[in-house]
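Position one of the sequence shown corresponds to residue 885 (our numbering), numbered consecutively onward.
Cβ atoms here follow ideal geometry from the backbone N, Cα and C, with glycine treated the same way.
Working notes for the structure below.
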Amino acid sequence: MIDLYRRESNSISNMAQLRFFPQAIVGGKGSYLRGDDGRQILDFSASWGAASLGHAHPSVRDAITRAASDQAGASYLSSANEPSVLLAEKLLSLVPERSRGRVWLGHSGSDANETVARMVVAATGRRRILAFKGAYHGGTSGSMAVSGHPALKGVEKFSGLILVPYPDSYAAGDPAAASAATLLHLENVFSRDLRPEEVAAFFIEPIQGDGGLLVPPVGFFIEIERFCRRHGILLVCDEVKFGLARTGLLHAFEHSGIEPDIVVFGKGLGGGLPISAIVGPEPIMNYSPTFSYQTLHGNPICASAALAVLDTIERDELVRHSAEVGAYILTSLTKRGSGLELVGDVRGKGLAIGIELVGDRASRTPAKIQTALAVYRAFQLGLVVYYVGSNSNVLELTPPLTLSKSEADEGISIIDQALQDVSAGKVSTDLLSSFTGW
Ligand SMILES: Cc1ncc(COP(=O)(O)O)c(C=O)c1O
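Written out as structure tokens, the structure reads:
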């Protein structure tokens, strides 16, 4: 397997690549990956949150082995299968009353959000969708079309899309001011020629991930929920990245005290296997048969993995664990970062943590190059961590929900060392020549 990274470049297209350093993986267990050079690398990304229970978790392994040993077909398109039904029943039991209707199963956050975007317009007859600048809802045409992330510049948007700014408390210097600015923006949008009654749905991330791990100001989403209710707009919570225990509560929207109409799950739901879910009211979710389907949707092996993930979250009390270990990391990083001018802000909930890097704390100028260098240096030191943000300057920590305190300590030390090395100018920008990140 030696030189896997170079061999890959001679065989695999770069279209799906988002690379920050030359990582080539041949195996993994728990919170660690094993590189093709034999190195054990601590994984503080969990493959962007998808490997929610870490790697090779026995519950997931056993569930998929069982499902693959007596396989109930490959799909739920033309037959019911037990794992899909059990998963749907389980998901319905986990969401608030308002969204407890029917479940659609797909492969990814992208196909789920695309389906929601098409479905809400078709089912309500309203031609507009609200979403946030900086939001990433997926990489298919229909999900990119309702996303506001700058990395998707040039992509054709849904013709009825209205993007509003997500409140950025750190940039604004004051959470209340950030919240008020967005609410005023929303009011202004509808004071012109638009009517809120033309809007089918408001897509929200209860904590914005790829836009920079933005934690909304207290009370902000209550106002958004009120606005939606007043005008009959469906509130769609994209829980793909930060749902299912990641933020120290089961759902990220619980931090805001809101109740969505439609909830979208993905990534960590499958514990590393491709599966997504939409949960919402029956009249909308049963809009029409054959409205959105792909051959392998409702795959019993992936559904079994998802059931194992949900059972493990419950059995091992991973919501509580995520809250505890996350708070520990947040406190430690805040303490260590306080001595470094490069560290502007450390924020997050549970095991969804962002470290915003700035040129200096007074100007808060995004430190884009230093951020790319920091993740590269961390990788050299034995840690996988990537960055996000509309300005590409926020380290994003989404380690496995099973991360232990000692693993947390190891990761914290590496991040600290990487930031110190970058601050001291010890990491050469030449390293970045083949890594564009995003
Ligand atoms: C909030 C959110 N929604 C949807 C998606 C799309 O998920 P996927 O890439 O698994 O299709 C992502 C991916 O980063 C995401 O962060």
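Measure the CB-CB distance between Leu1241 and Ala1251 and report whether it falls below 8 Å. Sequence index remark: in the sequence shown, residue 1241 carries index 357 (1-based). Sequence index remark: in the sequence shown, residue 1251 carries index 367 (1-based). Yes.
Identify which residue in Ser1274, Leu1281 and Phe1263 has its Cα closest to the Cα of Leu1316. Stepping through the sequence shown from its first residue, residue 1316 is reached at position 432. That would be Phe1263, whose Cα lies nearest to the Cα of Leu1316.
I'd like the span of the beta strand (DSSP E) that includes Gln924, first residue to last. The residue labelled residue 924 in the question sits at position 40 within the sequence shown. Segment Gln924 to Asp927, the beta strand (DSSP E) holding Gln924.
CA-CA distance, Ala1161 and Ala1006? Locating residue 1161 in the sequence shown gives position 277, where the first residue counts as 1. Locating residue 1006 in the sequence shown gives position 122, where the first residue counts as 1. The straight-line gap from Cα to Cα measures roughly 19 Å.
Taking Gln924 as the reference, which of Val1227, Gly911 and Asn1072 has the closest Cα? Taking the first residue of the sequence shown as position 1, residue 924 is located at position 40. Closest option to Gln924, Cα to Cα, is Gly911.
Of all the alpha helix (DSSP H) runs that stay within the bounds of the segment 1095 to 1177, which reach a length of 4 or more residues? Entirely contained in the segment 1095 to 1177, the alpha helix (DSSP H) runs reaching 4 residues are, in chain order, 1104 to 1115 and 1166 to 1169.
Does the segment 1226 to 1238 touch the segment 1195 to 1211, meaning 3 or more C-beta pairs lie closer than 8 Å? yes
What do you reckon, are the CB atoms on Ala1035 and Phe1087 nearer than 8 Å? Position 151 of the sequence shown holds residue 1035. Position 203 of the sequence shown holds residue 1087. For Ala1035 and Phe1087, no; Cβs fall outside 8 Å.
Could you please give me the residues that DSSP links to Lys1233 through a beta bridge? As a first step, residue 1233 must be located in the sequence shown, where it is residue number 349. The partner list for Lys1233 (beta bridge, DSSP) reads Ala1236.
Sorry if obvious, but does the Cβ on Asn997 come closer than 7 Å to a heavy atom of ligand 1? Numbered from 1 along the sequence shown, position 113 holds the residue referred to as residue 997. At least one heavy atom of ligand 1 is nearer than 7 Å to the Cβ of Asn997, so yes.
Residue nearest to Ala956 in terms of C-alpha spacing, selected from Glu966, Pro980 and Ile948: The count along the sequence shown starts at 1 and reaches residue 956 at position 72. Distances from the alpha-carbon of Ala956 to those of Glu966, Pro980 and Ile948 put Glu966 closest.
Just the Cα atoms here: how many angstroms apart are Ala908 and Arg890? Residue numbering aside, residue 908 sits at position 24 when the sequence shown is read from its first letter. Residue numbering aside, residue 890 sits at position 6 when the sequence shown is read from its first letter. Answer to the nearest angstrom: the Cα atoms are 9 Å apart.
Drop a sphere of 10 angstroms on the beta-carbon of Gln1178, count the other beta-carbons inside from all chains shown, and report buried for 16 or more, exposed for fewer. The residue you call residue 1178 lines up with position 294 of the sequence shown. The residue is exposed, with fewer than 16 neighbouring Cβ atoms inside 10 Å.
I think Ser968 touches Ala1192, with their Cβ atoms under 8 Å apart; what is that distance to the nearest whole Å? Against the sequence shown, residue 968 aligns to sequence position 84. Against the sequence shown, residue 1192 aligns to sequence position 308. At roughly 14 Å, the Cβ-Cβ gap does not stay under 8 Å, so Ser968 and Ala1192 are not in contact.
Ligand 1 and Val1124: does any heavy atom of the ligand fall closer than 7 Å to the residue's C-beta? Position 240 of the sequence shown, counted from the start, is the residue given in the question as residue 1124. At a threshold of 7 Å, Val1124 counts as near ligand 1, since its beta carbon sits closer than that to one of the ligand's heavy atoms.
Three-state secondary structure (DSSP) at Arg890? Residue 890 sits at position 6 when you count from the first residue of the sequence shown. It is helical.
Taking the C-alpha atoms as reference points, what is the distance between His1069 and Ile1046? Stepping through the sequence shown from its first residue, residue 1069 is reached at position 185. Stepping through the sequence shown from its first residue, residue 1046 is reached at position 162. Approximately 11 Å between the Cα atoms of the pair.
Contact the segment 1137 to 1150 vs the segment 1115 to 1122: 3+ CB pairs below 8 Å: yes
Cβ atoms of Met1003 and Phe1175: under 8 Å apart, would you say? The residue given as residue 1175 occupies position 291 in the sequence shown. The residue given as residue 1003 occupies position 119 in the sequence shown. A contact, by the Cβ cut-off of 8 Å.
Any heavy atom of ligand 1 inside 7 Å of the beta-carbon of Glu1326? Nothing about residue 1326 can be reported from this structure: the residues present for the chain run from 885 to 1322 only.
Using a Cβ-Cβ cut-off of 6 Å (strictly less than) and excluding sequence neighbours within five positions of Ile1159, which residues of its own chain qualify? Stepping through the sequence shown from its first residue, residue 1159 is reached at position 275. Leu1153, Cys1186 and Ala1190, listed in sequence order.
His939 bridges to which residues according to DSSP? As a first step, residue 939 must be located in the sequence shown, where it is residue number 55. For His939, which the question treats as bridged, DSSP gives the partners Gly914.
For Ile1091, name the three-state secondary structure that DSSP assigns. The sequence position of residue 1091 within the sequence shown is 207, counting from 1. Coil.
Which runs of the alpha helix (DSSP H) fall wholly inside the segment 967 to 1045 and span at least 4 residues, in chain order? Complete alpha helix (DSSP H) runs here, min 4: 993 to 1008 and 1025 to 1028.
From Glu1201, Gly1210 and Pro1165, residue whose alpha carbon lies closest to that of Arg984: Translated into positions along the sequence shown, residue 984 becomes position 100. It is Pro1165 whose Cα lies nearest to the Cα of Arg984.
Can you tell me the Cα-Cα spacing of Ser962 and Gly938, whole angstroms? Residue numbering aside, residue 962 sits at position 78 when the sequence shown is read from its first letter. Residue numbering aside, residue 938 sits at position 54 when the sequence shown is read from its first letter. The straight-line gap from Cα to Cα measures roughly 33 Å.
Cut-off 6 Å between Cβ atoms - residues of its own chain near Gly1210, not counting five sequence neighbours on either side: Along the sequence shown, read from residue 1 onward, the residue named residue 1210 stands at position 326. So the qualifying residues of the chain are Gly1132, Gly1234 and Leu1235.
Is it buried or exposed, Gly1150, if we count other Cβ atoms within 10 angstroms and call 16 or more buried? For this step, residue 1150 is matched to residue 266 along the sequence shown. Gly1150 is buried by the Cβ-count criterion.
Assign Leu1128 to buried or exposed, taking buried as 16 or more other Cβ atoms, counted over all protein chains shown, within 10 Å of its Cβ. For this step, residue 1128 is matched to residue 244 along the sequence shown. With 16 or more Cβ atoms within 10 Å of its Cβ, Leu1128 is classed as buried.
Beta strand (DSSP E) segment containing Leu1265, residue limits: Within the sequence shown, numbered from 1, the residue matching residue 1265 stands at position 381. No beta strand (DSSP E) holds Leu1265; the alpha helix (DSSP H) holding it covers Lys1252 to Leu1265.
Ser1320, buried or exposed, once every other Cβ within 10 Å from all chains shown has been counted against 16: Position 436 of the sequence shown, counted from the start, is the residue given in the question as residue 1320. Before going further, note that residue 1320 is Thr rather than Ser in the sequence given. By the 10 Å Cβ count, Thr1320 comes out exposed.
Between the CA atoms of Gly914 and Leu951 - distance to the nearest angstrom: The residue you call residue 951 lines up with position 67 of the sequence shown. The residue you call residue 914 lines up with position 30 of the sequence shown. Per the sequence presented here, residue 951 reads as Ala, with Leu not at that position. The alpha-carbon atoms of Ala951 and Gly914 are separated by roughly 22 Å.
Report yes if the C-beta of Trp988 is less than 7 Å from at least one heavy atom of ligand 1; otherwise report no. As a first step, residue 988 is located in the sequence shown; it is residue number 104 there, counting from the start. No, the beta carbon of Trp988 sits no closer than 7 Å to any heavy atom of ligand 1.
Exposed unless 16 or more other CB atoms sit within 10 angstroms - verdict on Ile1146: The residue given as residue 1146 occupies position 262 in the sequence shown. The residue is buried, with at least 16 neighbouring Cβ atoms inside 10 Å.
I'd like to check one pair, Ala996 with Pro1284: are the Cβ atoms closer than 8 Å? Translated into the one-based positions of the sequence shown, residue 1284 becomes position 400. Translated into the one-based positions of the sequence shown, residue 996 becomes position 112. Taking a C-beta distance under 8 Å as the contact criterion, Pro1284 and Ala996 do not qualify as a contact pair.
From Tyr1054 to Tyr1270, what distance separates their C-alpha atoms? The residue given as residue 1054 occupies position 170 in the sequence shown. The residue given as residue 1270 occupies position 386 in the sequence shown. Cα-Cα distance, rounded: 20 Å.
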